[in-house]
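**Student:**
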Amino acid sequence: MRTFLAVRPPAEALDHLSGLRTSWPAAPERWHVTLAFLGEVAEPSRLVEPLVAVCARHRPLSLRLAGSGAFGRGGPVWVGVEGDRAGLTALAEDLGEACRRQGVDVERRPYRPHLTVGRRGHPDPRLLADYAGPWWTADEVELVASRLRPTVRHDVLHRVPLTGLSRTSGP
10 MRTFLAVRPP AEALDHLSGL RTSWPAAPER WHVTLAFLGE VAEPSRLVEP
60 LVAVCARHRP LSLRLAGSGA FGRGGPVWVG VEGDRAGLTA LAEDLGEACR
110 RQGVDVERRP YRPHLTVGRR GHPDPRLLAD YAGPWWTADE VELVASRLRP
160 TVRHDVLHRV PLTGLSRTSG P
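Under the numbering used here, think of the first position of the sequence shown as 10, with each following residue one higher.
#1: Does residue 88 pass the burial test, meaning 16 or more other C-beta atoms within 10 Å, or should it be called exposed?
#2: Taking only runs of the beta strand (DSSP E) that begin and end inside the region 62-122, which ones reach a length of at least 3 residues, in chain order?
#3: Between the alpha carbons of residue 141 and residue 115, how many angstroms are there, rounded?
#4: Locate the beta strand (DSSP E) running through residue 23, then write down its first and last residues.
#5: What do you get for residue 19, buried or exposed, if any count of 16 or more other CB atoms within 10 angstroms of its CB means buried?
#6: Are there 16 or more other CB atoms within 10 angstroms of the CB of residue 170, so buried, or fewer, so exposed?
#7: Less than 8 Å between the C-beta atoms of residue 11 and residue 48, yes or no?
#8: Suppose you measure from the CA of residue 57 to the CA of residue 111; what does that come to, to the nearest Å?
#9: Cβ atoms of residue 90 and residue 100: under 8 Å apart, would you say?
#10: I'd like to check one pair, residue 35 with residue 153: are the Cβ atoms closer than 8 Å?
#11: Can you list, in chain order, the residues of its chain with a C-beta nearer than 7 Å to that of residue 17? Leave out the 5 residues immediately preceding and following it.
#12: Roughly how many whole angstroms lie between the Cα atoms of residue 137 and residue 28?
#13: For residue 168, list the residues DSSP reports as bridge partners.
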């Protein structure tokens with residue numbers, strides 16, 4: 010099963026952004042901020058316990074969607090994330106490491122928090138360059154199954170609350 014870990018902005022934040030256009034190449038109901046792409050995981054339920062342990066060490070994060078760009082010429086168009094980026098990055102790194110310890114081959118490239126809103130240069134990222142959405146609190150991590158056929162669908166398999174008082178490193 011193709012899976013990833015994410016935080017999902019609340020409806021108010023997604024509505025604020027989606028209200029800027031009448032249509033989007035990427036459906037707003039699937040918008041999320043990826044923490045780690047896990048790829049094919051045969052038994053995602055085995056990851057829940059390690060995810061709970063990591064989330065118990067991380068506090069909720071104050072974030073907002075702001076700015077935009079694209080990955081390469083004609084690549085995915087994204088809206089950036091502002092706020093506690095250090096906390097978000099630490100969470101992503103700790104979750105990735107916990108999944109690696111479970112035998113999942115998590116990508117090791119540097120984490121760049123963003124929300125993908127389009128593909129192949131649409132919408133033009135310059136149109137969203139000055140965007141600044143409302144502040145929101147990321148207070149849980151979602152383990153999500155991504156199904157690509159017959160249409161793209163994201164199913165939340167498990168939600169794990171961020172319950173730490175502050176971030177602490179380590180397993």
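Note that CB positions come from ideal geometry on N, CA and C, so glycine has one too.
**Tutor:** To lay it out plainly:
#1: buried
#2: 70-79, 86-92
#3: 31 Å
#4: Where residue 23 is concerned, there is no enclosing beta strand (DSSP E), although the alpha helix (DSSP H) it sits in stretches over 20-27.
#5: exposed
#6: exposed
#7: yes
#8: 11 Å
#9: no
#10: no
#11: 41, 151
#12: 12 Å
#13: 151
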